[in-house]
Structures are given as structure tokens and as C-alpha cells.
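First up is the structure itself, then whatever we jot down about it.
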DNA sequence: CACAATTACAACCATCTAGTTGGAAACTGA
DNA sequence: TCAGTTTCCAACTAGATGGTTGTAATTGTG
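Protein chains in written order, with our numbering: chain C, 34 to 234; chain S, 34 to 234.
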């Protein structure tokens with residue numbers, strides 16, 4: 034049987050994603066990742082370099098695939114609200130991306146890993162936003178996206194705050210989702226209106 | 034000279050706050066905290082118990098004092114927007130609270146430390162919100178507060194996202210602040226309008 | 001088949017880490 | 001002054017932890 038190095042790499046990346054997602058960079062254990070993947074840990078150093086580089090690989094892979102999984106579709110403020118709703122749902126089902134995002138922010142600070150790829154991803158989202166809300170500036174588009182990410186990604190990472198503020202009755206997620214969607218709609222509509230005023234027909 | 038145990042405890046708590054803020058629970062080092070405080074690390078175990086308990090003490094102290102430092106004042110949607118603005122400014126100047134909040138969320142999950150005190154703090158904020166926007170429900174007040182916290186606390190923890198989305202030109206913080214304040218205003222105004230409709234004069 | 005290159009892995013290591021301990025020094029009250 | 005208590009600290013420990021290495025198995029290639 035041939036060496037299936039791609040499979041081994043994939044196994045390692047998957048196990049690392051789950052470990053880093055749960056415990057972050059400092060809390061993750063190389064031994065645990067290797068054991069979970071059923072692979073000798075020495076492979077990690079051959080394939081990825083070291084713990085930090087493996088973390089980087091996990092971040093880039095997870096965040097890039099998220100960009101493809103949840104696209105911005107349609108146009109108008111309701112398109113941005115719809116995007117926020119789908120992002121919210123995605124994170125509700127699987128909190129991997131938000132957790133990794135915040136781990137990265139906390140443990141890595143301003144240093145961005147996988148810069149070129151992620152810059153391209155962000156630029157693409159900004160362009161989609163401008164397409165959905167014609168006439169708004171790049172800055173406003175970026176701002177709106179940050180607002181959306183803040184609203185959708187913070188909640189799954191802060192279960193305690195949510196429980197403290199809003200209790201844990203059933204239907205909670207539904208209501209929170211509606212609040213996020215509405216807030217994004219209002220913000221997007223305000224930006225769109227502003228853009229229309231600035232460039233009247 | 035008498036033993037000044039309170040001072041020692043305070044020194045330890047201050048050093049621990051800075052260490053946990055920078056590196057989180059898993060990344061923090063007991064030795065570093067003791068050295069920074071200029072105190073023998075054995076004191077930590079006498080005064081606080083262990084690393085986890087020290088982390089809890091830091092969280093409760095920092096988040097509680099934040100509640101007092103940034104109160105909700107006035108009434109109407111603009112009062113909530115103003116609150117968001119002051120919270121944003123506070124976190125801009127000192128990111129300790131947001132960082133600790135997210136560390137706690139990531140490393141501790143749903144388990145809330147210092148539950149009674151924090152429940153009281155949250156309830157107090159919810160009541161202030163209801164006072165500012167008469168007629169809105171507890172759930173909506175909590176939701177609005179979560180929205181505000183998400184918008185104000187996420188940014189200082191995600192410098193990379195901010196740089197990626199919006200560049201790093203001067204005046205960036207100003208613009209982001211304005212966007213947050215406006216978004217909160219719109220959300221609060223919508224809730225207030227809804228409340229007025231539900232209970233017409 | 002022989003050869004070099006690659007992949008796999010068990011055992012290993014230097015270092016670090018949270019937590020402990022035993023005893024010295026400083027304080028208290030009588 | 002003196003016994004009892006509390007605070008302090010240097011040195012220690014047991015167990016992890018990230019990373020390495022020597023070697024054997026597997027592969028493609030001439």
C-alpha cells in the first residue's frame with residue numbers, strides 16, 4: 034500500500050482543528066492531537082514545522098473554507114441581513130470558526146497569519162458588500178462586515194454572557210437570531226440611504 | 034512594619050490581571066505573576082488557592098469594576114447609544130475587560146465564575162436599559178445589551194480582522210466608534226418604537 | 001534486484017510548570 | 001519577654017511538554 038501522506042496530513046489538520054478550537058494555542062497539546070489523529074507526533078514536525086505553524090495552518094484552512102461556505106448573495110440591505118442570518122446559523126451549528134477567530138485575536142494579536150489569502154478573502158467580501166449596497170464606500174462596507182462578524186461570532190464564544198443576560202429559555206437562539214438580522218438590516222439600510230443621498234440620480 | 038497582606042493580595046491581583054489579560058488561563062505562568070508582583074508565588078496558593086481560582090478572582094474583580102466605571106445614564110435610544118460610545122472608548126483605552134471576557138468564554142465555556150455578583154450586575158444593567166427604554170421587555174433589553182457588548186468588545190480583541198477589513202488609516206477608531214454608536218441607536222430606537230406600538234397611550 | 005529517498009515510529013531529552021514543604025522571620029497579646 | 005500565630009520564602013518535586021533522533025519499513029527508479 035502506498036504512503037497516503039495527504040490523508041495523514043488531513044487527519045492531523047482535522048484533529049488539530051478540534052484541539053485548537055477547544056483549547057487554543059497555549060492550551061492545546063501536541064501529543065493529544067497526534068493521538069486523536071492516530072498518527073505519530075513526529076509527523077507534525079515534518080509536515081507543519083511546529084505547534085505555531087500548525088495553528089496557522091488550522092486558522093487559514095478553517096477561515097478560508099468559511100468564506101466559501103457562507104457567501105453574500107443578492108442585493109439591498111435585506112441581502113446583508115440575510116447573510117448575517119446565515120452566518121449566525123452556521124456558527125450556531127458549529128462554533129469552530131468564531132472560536133478560532135477569537136483564539137487567534139487573543140493569542141496572536143495584530144499579527145495576521147496567511148496574510149495574502151486572507152486579504153483576498155476580505156477584499157472579496159468587501160466587494161460583495163459594495164455590490165449589494167451600491168454607492169457605499171469601502172470603509173463603510175468594511176465597517177458593516179465587522180459589525181456583522183462581531184454580532185454573529187461573539188455570541189457562540191460567550192455562552193456565559195448570553196445565559197446571564199437573557200436566561201436560557203427555549204427559543205432563545207431564534208430570538209437572538211432575529212435581533213441580529215434586524216440590527217444588521219437597520220445598519221445596512223442606513224448606509225444605503227446615505228449613499229443614495231450622496232449620489233442623487 | 035506590620036504585615037500588609039491586603040497590599041500583597043492587591044499586588045498579586047494586579048499582576049495576575051495583566052498576565053491573564055495578555056496570555057489567558059492556559060498561557061499564564063504562576064512564576065511570572067509572582068515575579069511581576071515582587072511576591073513569592075507560594076502566597077498565591079495561600080491567598081487564592083490555585084491558578085484557576087486566581088483567574089476567577091481576576092475576572093470577577095475586573096468585570097465588576099467595569100460595571101461601575103461605565104454606567105447607563107439618561108433615557109431614550111440616544112442614552113443607549115451614548116452608553117455604547119462610552120463603553121467603546123473605555124475598551125479602546127484599555128482592552129483588559131474585553132480580553133478577559135473572551136478568555137473566560139473560550140477557556141471556561143458556559144461555567145460562570147462569581148455567579149451571584151455577576152447576575153446582580155447584569156440584572157442591574159437590564160433594569161437600567163428598561164428604565165432608558167420604557168416598555169421594552171427584559172428579553173429585548175438583554176438582547177440589546179448583548180448587541181452592545183458584542184460591538185464594543187469584539188473589536189479590541191480582533192485587531193487583525195479590523196486591519197484586514199478596514200485598513201489602518203488614522204481616524205479609523207473614530208469612524209468605527211461612530212458606526213457602533215449609530216448601529217446601537219438604530220437598534221434601540223427600533224425597540225423603543227415597537228414598545229410604544231404595543232402599549233399605546 | 002539494488003539503490004537512494006521518503007515515511008513512519010518508539011524511545012528519548014532538556015526544560016518548564018503547578019503546586020509543596022520546612023523552617024525562618026515578623027507580629028500579637030499577655 | 002515569651003509563647004503562639006501568621007507571613008514569608010528558597011528550595012524542591014513529580015509530572016508534563018515541545019521537540020529530536022536513530023532506525024526500520026516502504027516506495028519509486030535504473
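Glycine included, every Cβ here is placed at the ideal spot set by N, Cα and C. Given the structure is predicted, the values throughout are model-derived calculations rather than measurements.
Contact list for residue i against chain S, beta-carbon separation under 9 Å
i: residue 220 of chain C; result: 212, 215, 216, 219, 220
i: residue 198 of chain C; result: 155, 158, 159, 174, 175, 176, 178, 179, 182
i: residue 56 of chain C; result: 59, 139, 140
i: residue 166 of chain C; result: Ordered by position in chain S, no residue passes the 9 Å Cβ test against residue 166 of chain C, which lies about 14 Å from the chain.
i: residue 76 of chain C; result: By Cβ distance, chain S contributes nothing, its closest Cβ being about 24 Å from residue 76 of chain C, past 9 Å.
i: residue 53 of chain C; result: Going along chain S, no residue has its Cβ under 9 Å from residue 53 of chain C, so there is no contact; the nearest lies around 11 Å.
Residues that residue i contacts on chain S, provided the C-beta gap is smaller than 8 Å
i: residue 192 of chain C; result: 138, 142, 143
i: residue 188 of chain C; result: 179, 183
i: residue 208 of chain C; result: 172, 176
i: residue 62 of chain C; result: Within chain S, no residue comes near residue 62 of chain C; the closest Cβ sits about 10 Å away, beyond 8 Å.
i: residue 88 of chain C; result: Correct list: empty, because the minimum Cβ distance to chain S is about 13 Å.
Contact set between residue i and chain C, taken where Cβ atoms lie within less than 8 Å
i: residue 119 of chain S; result: Ordered by position in chain C, no residue passes the 8 Å Cβ test against residue 119 of chain S, which lies about 18 Å from the chain.
i: residue 40 of chain S; result: Chain C residues near residue 40 of chain S: none, gap ~30 Å exceeds 8 Å.
i: residue 46 of chain S; result: Within 8 Å Cβ-Cβ: nothing; residue 46 of chain S doesn't reach chain C, min ~21 Å.
Secondary structure of residue i, DSSP reduced to three states
i: residue 106 of chain C; result: coil
i: residue 168 of chain S; result: coil
i: residue 128 of chain S; result: coil
i: residue 189 of chain S; result: helix
i: residue 175 of chain C; result: helix
i: residue 204 of chain C; result: coil
i: residue 228 of chain C; result: helix
i: residue 223 of chain C; result: helix
Residues that residue i contacts on chain S, provided the C-beta gap is smaller than 7 Å
i: residue 195 of chain C; result: 179
i: residue 132 of chain C; result: 139
i: residue 151 of chain C; result: 197
Per-residue contacts from residue i into chain C (C-beta, under 7 Å)
i: residue 223 of chain S; result: 215, 219
i: residue 100 of chain S; result: In chain order: nothing, as chain C lies at least about 12 Å away.
Contacts of residue i in chain C (Cβ-Cβ under 9 Å)
i: residue 81 of chain S; result: Those do not exist, as residue 81 of chain S stays about 20 Å from chain C at its closest Cβ, beyond 9 Å.
Three or more beta-carbon pairs under 8 Å between the stretch 134 to 153 of chain S and the stretch 108 to 120 of chain S, yes or no?
-> Cβ pair count under 8 Å is below three, so no.
Tell me, please, whether the stretch 182 to 200 of chain S touches the stretch 168 to 188 of chain C by the rule of three or more beta-carbon pairs shorter than 8 Å.
-> Touching, yes.
Tell me the start and end of each unbroken alpha helix (DSSP H) in the stretch 35 to 123 of chain S that is at least 4 residues and wholly inside, in chain order.
-> Within the stretch 35 to 123 of chain S, the complete alpha helix (DSSP H) runs of at least 4 residues are 38 to 60, 63 to 70, 75 to 80, 84 to 102.
Examine the Cβ distances between the stretch 122 to 140 of chain C and the stretch 94 to 104 of chain C and report whether three or more of them are shorter than 8 Å.
-> Yes, since at least three Cβ pairs between the stretch 122 to 140 of chain C and the stretch 94 to 104 of chain C fall closer than 8 Å, the two stretches touch.
Jot down the residue ranges of each uninterrupted beta strand (DSSP E) in the stretch 132 to 161 of chain S, minimum 3 residues, whole runs only, in chain order.
-> Listed in chain order, there is nothing to give.
Is it a yes or a no for the stretch 134 to 144 of chain S touching the stretch 159 to 167 of chain C, going by three-plus beta-carbon pairs under 8 Å?
-> In this structure the stretch 134 to 144 of chain S does not touch the stretch 159 to 167 of chain C; the number of beta carbon pairs closer than 8 Å is below three.
Meets three-Cβ-pair contact criterion under 8 Å: the stretch 44 to 63 of chain C and the stretch 62 to 70 of chain S = Touching, no.
Decide if the stretch 166 to 174 of chain C is in contact with the stretch 217 to 227 of chain C; the criterion is three or more beta carbon pairs, one per stretch, under 8 Å apart.
-> Contact between the stretch 166 to 174 of chain C and the stretch 217 to 227 of chain C is present, because at least three Cβ pairs lie under 8 Å.
Contact the stretch 201 to 217 of chain S vs the stretch 185 to 196 of chain C: 3+ CB pairs below 8 Å = No contact exists between the stretch 201 to 217 of chain S and the stretch 185 to 196 of chain C.
Check whether the stretch 66 to 73 of chain C touches the stretch 118 to 126 of chain C, taking contact to mean three or more Cβ pairs, one atom from each stretch, closer than 8 Å.
-> Contact between the stretch 66 to 73 of chain C and the stretch 118 to 126 of chain C is absent: fewer than three C-beta pairs spanning the two stretches fall below 8 Å.
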